[in-house]
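Take 253 as the starting number for the sequence shown in the working numbering and just add one per residue.
Ideal placement from N, C-alpha and C gives every residue a C-beta, glycine not left out.
Just so we're clear, the structure is a prediction, and the values are computed from it rather than from any experiment.
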Amino acid sequence: MRDRLLTFFTEKGTLVEPEAMDRILSVEDPIEFAESIYSNLEAKPLVLTMEDVMKVESVIREVTEEHKVEKEVEEIRPSKGGKKTSANAKDFNSEVKIKKDITGNSTCEGTIKDFQKYFKHRFRTLGTMVKRRREMGGCINIARARKKTTEMRFVCIVNSVRDTKSGHQIVEVEDESDVASVLVLENAIGGENIVPDEVIGVIGKSGRNDLIIADRIIRPDIPSRRAFEGCEDPVSVAFVSDTHVGSNTFMQEKWEKFMAWMNNGDEISSSIKYIVIPGDVVDGIGIYPRQDEELSIHNIYEQYEELVRLLEDVPDHVQIIICPGNHDAVRPAEPQPALPNNIRKLFPSEVMFAGNPCTMTLHDVEVLVYHGRSIDDFIGSVPSLTYENPLESMREMLKKRHVAPTYGGKTPIAPENEDHLVIDTVPDIFVTGHVHWVGVDEYNGVKLVNASAWQSQTSYQKMRNIDPIPAMVPIIDLQTGRARIKEF
Ligand SMILES: [Fe+2]
Ligand SMILES: [Fe+2]
Numbered sequence: 253m254r255d256r257l258l259t260f261f262t263e264k265g266t267l268v269e270p271e272a273m274d275r276i277l278s279v280e281d282p283i284e285f286a287e288s289i290y291s292n293l294e295a296k297p298l299v300l301t302m303e304d305v306m307k308v309e310s311v312i313r314e315v316t317e318e319h320k321v322e323k324e325v326e327e328i329r330p331s332k333g334g335k336k337t338s339a340n341a342k343d344f345n346s347e348v349k350i351k352k353d354i355t356g357n358s359t360c361e362g363t364i365k366d367f368q369k370y371f372k373h374r375f376r377t378l379g380t381m382v383k384r385r386r387e388m389g390g391c392i393n394i395a396r397a398r399k400k401t402t403e404m405r406f407v408c409i410v411n412s413v414r415d416t417k418s419g420h421q422i423v424e425v426e427d428e429s430d431v432a433s434v435l436v437l438e439n440a441i442g443g444e445n446i447v448p449d450e451v452i453g454v455i456g457k458s459g460r461n462d463l464i465i466a467d468r469i470i471r472p473d474i475p476s477r478r479a480f481e482g483c484e485d486p487v488s489v490a491f492v493s494d495t496h497v498g499s500n501t502f503m504q505e506k507w508e509k510f511m512a513w514m515n516n517g518d519e520i521s522s523s524i525k526y527i528v529i530p531g532d533v534v535d536g537i538g539i540y541p542r543q544d545e546e547l548s549i550h551n552i553y554e555q556y557e558e559l560v561r562l563l564e565d566v567p568d569h570v571q572i573i574i575c576p577g578n579h580d581a582v583r584p585a586e587p588q589p590a591l592p593n594n595i596r597k598l599f600p601s602e603v604m605f606a607g608n609p610c611t612m613t614l615h616d617v618e619v620l621v622y623h624g625r626s627i628d629d630f631i632g633s634v635p636s637l638t639y640e641n642p643l644e645s646m647r648e649m650l651k652k653r654h655v656a657p658t659y660g661g662k663t664p665i666a667p668e669n670e671d672h673l674v675i676d677t678v679p680d681i682f683v684t685g686h687v688h689w690v691g692v693d694e695y696n697g698v699k700l701v702n703a704s705a706w707q708s709q710t711s712y713q714k715m716r717n718i719d720p721i722p723a724m725v726p727i728i729d730l731q732t733g734r735a736r737i738k739e740f
């Protein structure tokens with residue numbers, strides 16, 4: 253555990269006094285405690301002292317006390333709607349803003365020039381984030397770094413990664429000035445999970461044969477933050493991904509159970525103000541070979557019409573927002589725009605449509621919605637990432653500040669003038685679907701959600717030994733950040 257803690261703090265660029273380390277080790281969950289220390293410290297110290305730990309402990313105590321008082325006040329204080337805050341979404345208007353989305357803004361024609369512009373924008377945006385990291389002070393370009401004999405720091409984009417027999421990695425990188433071969437040592441801090449086309453910072457020194465030996469890799473990452481801020485109203489959002497309507501494995505009965513609960517449920521169901529659907533809303537046509545054998549509806553319009561019928565049972569006060577995935581009737585290359593007009597007009601006018609990825613605010617809480625196609629590429633290129641825990645791939649996306657870094661894998665990417673797949677603002681909630689799994693977690697104050705599916709195991713999943721976890725609904729309380737998963 254001591255080693256894990258040391259790695260945790262080293263990655264943040266912080267040393268720990270032995271006394272402070274002993275205090276952290278003495279609690280029940282030292283890693284959770286370390287994370288909360290880090291997110292509650294205003295300035296990140298070079299050396300974490302016992303005094304810092306005690307300061308954070310008292311902040312945590314105060315917040316817990318305040319929270320208790322607030323809860324008690326809430327019981328007796330009428331809310332804005334004149335009713336007690338026993339969450340009822342009916343009493344509040346929906347407040348949705350689409351902050352970032354490619355819909356109507358696509359510039360790409362797919363020329364070589366487009367690709368150059370696209371990667372230049374990626375390098376500039378993510379490179380600036382990496383340079384802002386304290387560890388990258390005094391960084392230079394590759395051309396100058398290659399002439400140095402002492403320690404060097406530079407920002408680069410990864411061209412390729414390969415493992416050596418001795419457990420290290422050779423990473424070919426470039427920037428606007430030059431290319432370089434970097435030997436990332438097995439025990440290099442941050443050296444795990446390097447993927448092609450991500451933007452990284454390298455700290456190292458020159459070695460033999462023109463190699464640069466890196467002992468540290470820096471990611472743009474997201475800052476450690478205080479916990480979820482939340483909105484004023486007691487409303488929540490349900491994430492309902494991968495409905496795959498039109499497939500013969502669509503789980504009709506489970507859906508009906510979900511709808512019955514939405515209408516006659518409990519305090520939680522009546523708090524739901526938003527349903528966000530992060531893609532694969534229908535099964536589509538011709539998405540994979542011999543798909544027609546697994547369809548119950550063979551016409552794309554009829555698939556969407558059936559989805560409209562299924563959504564009719566959602567209570568009127570719930571705002572539905574639909575984003576596309578790789579099975580939907582829109583260009584597969586990401587960023588994907590919202591579903592086209594000929595599909596949208598099948599839905600009631602209140603239903604909202606957004607692109608993939610999309611940054612939106614729900615009641616001022618920022619939500620990054622991404623279907624999750626790139627999880628296939630993460631799992632394909634990094635052995636420690638698996639279909640059993642897609643939340644780990646989502647953490648990587650936040651660390652790399654990019655939802656789909658690798659070009660040329662399973663995720664088709666459209667070379668827009670700007671890289672819309674960069675995570676330029678830190679969301680409060682980050683949700684994906686695609687892998688038909690379910691889970692919630694947190695990374696540096698961001699709630700991570702993978703939002704299940706409404707399709708039982710398909711023949712493709714059977715062939716690849718993938719066990720889906722369907723008919724589950726993750727729900728996040730937008731006021732408190734509390735996450736729940738409801739099973740049907
Ligand atoms: Fe799916
Ligand atoms: Fe998908």
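Does residue i come out as helix, strand or coil in the three-state DSSP assignment?
i      : result
Pro330 : With a pLDDT of 36 at Pro330, under the threshold of 50, the modelled position of that residue is not reliable, and no figure is offered here.
Asp719 : coil
Val382 : helix
Arg376 : helix
Ser636 : coil
Glu644 : helix
Val305 : helix
Phe502 : strand
Ile595 : helix
Val560 : helix
Tyr695 : strand
Lys349 : strand
His319 : Its pLDDT being 40, under 50, His319 is placed unreliably in this model, and the coordinates cannot settle the point.
Ile441 : strand
Pro270 : helix
Leu300 : strand
Are residue i and residue j closer than 8 Å when you measure CB to CB?
i      : j      : result
Thr663 : Glu618 : no
Leu378 : Arg647 : no
Gln731 : Pro720 : no
Val634 : Val382 : no
Gly498 : Asp535 : yes
Gln555 : Met604 : no
Gly733 : Gly531 : no
Ala440 : Arg405 : no
Trp706 : Phe371 : no
Val698 : Pro642 : no
Gly482 : Ala466 : no
Pro472 : Val487 : no
What residues in its chain sit with their C-beta under 8 Å from that of residue i, if we drop five residues either side in the sequence?
i      : result
Arg376 : none
Asp304 : Ala272, Ile289, Leu293, Pro297
Arg398 : Asp430, Ala432, Ser458, Asp462, Ile464
Glu426 : Ile394, Cys408, Ile409, Asn411, Ala432
Asn551 : Ile537
Leu277 : Met253, Arg254, Leu257
Thr259 : Ile441
Leaving out five residues before and five after residue i in sequence, what residues of the same chain have Cβ atoms less than 6 Å from its Cβ?
i      : result
Glu347 : His615
Ile539 : His579
Phe367 : Pro667
Ala490 : Ile524, Ile527, Val725, Ile727
Ile675 : Arg653
His373 : Glu670, Asp671
Phe261 : Val268
Ser522 : Asn340
Can you name the residues that DSSP bridges to residue i?
i      : result
Ala466 : Val436, Gly456
Ile527 : Ala490, Ile572
Met604 : Ile573
Ala703 : Val690
Ile520 : For Ile520, which the question treats as bridged, DSSP gives no partner whatsoever.
Pro726 : Ile737
Gln368 : DSSP lists no partner for Gln368.
Val619 : Met612, Ile681
Asp415 : Gln421
Gln409 : According to the sequence displayed, residue 409 carries Ile and not Gln. Ile409 pairs with Glu426, Val451.
Glu586 : Ile665
Met404 : Gly456
Excluding the 5 residues preceding and the 5 following residue i in the sequence, name in chain order all residues of the same chain whose CB lies nearer than 7 Å to its CB.
i      : result
Arg256 : Ile283
Arg275 : Met302, Val305
His569 : Ala341, Lys342
task = Please determine if the region 351-359 and the region 627-638 are in contact, where contact requires at least 3 C-beta pairs separated by less than 8 Å.
result = With a cut-off of 8 Å, the region 627-638 and the region 351-359 do not count as touching, because too few Cβ pairs lie within range.
query = Is the region 687-699 touching the region 376-393 in the sense that three or more CB pairs, one from each, lie closer than 8 Å?
reply = Verdict: no, contact absent.
inquiry  = Counting beta carbon pairs with one atom in the region 358-366 and one in the region 413-422, are three or more of them shorter than 8 Å?
reply    = When Cβ pairs closer than 8 Å are counted between the two stretches, the region 413-422 is seen not to touch the region 358-366, the count staying below three.
inquiry  = Could you check whether the region 553-562 touches the region 471-491, counting it as contact only if at least three pairs of C-beta atoms, one from each stretch, sit closer than 8 Å?
reply    = Counting Cβ pairs under 8 Å, fewer than three are found: no touch.
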